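In this note's numbering, the protein residues as written are 374 to 442.
Beta carbons: idealized from backbone N, C-alpha and C, even for Gly.
In this text, all values refer to a predicted model and were calculated from it rather than measured experimentally.
To keep things clear, I will list the structure first and then write my remarks on it.
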Ligand SMILES: [Zn+2]
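Quick look at the structure:
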């Protein structure tokens, strides 16, 4: 096993552990607010389509591990 593989394995393990503890990231569309505002009608807003109003997205690793449902 060469050093590159060991580093890769360590980084992967670190990433998965972090996904266990912190399974979410802020939603890129609404930035954790969970709401999107209408551009055509002032003051109107609705649930964000991407995060469905939760304001957060599950990380890929968290999905793999079945975390953060
Ligand atoms: Zn969102």
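Tell me the rounded alpha-carbon separation between residue i and residue j.
i           : j           : result
residue 406 : residue 442 : 18 Å
residue 398 : residue 429 : 6 Å
residue 391 : residue 434 : 9 Å
residue 403 : residue 421 : 7 Å
residue 410 : residue 380 : 44 Å
residue 385 : residue 414 : 46 Å
residue 424 : residue 412 : 19 Å
Tell whether a beta-carbon distance below 8 Å holds between residue i and residue j.
i           : j           : result
residue 440 : residue 393 : yes
residue 408 : residue 416 : no
Let me check one thing: in DSSP terms, what residues is residue i bridge-paired to?
i           : result
residue 399 : 429
residue 410 : 418
Less than 7 Å between the CB of residue i and some heavy atom of ligand 3, yes or no?
i           : result
residue 407 : This structure does not include ligand 3; its bound ligands are ligand 1.
Quick check on this structure: which residue in the options has the alpha carbon closest to the alpha carbon of residue i?
i           : options       : result
residue 437 : 376, 381, 389 : 389
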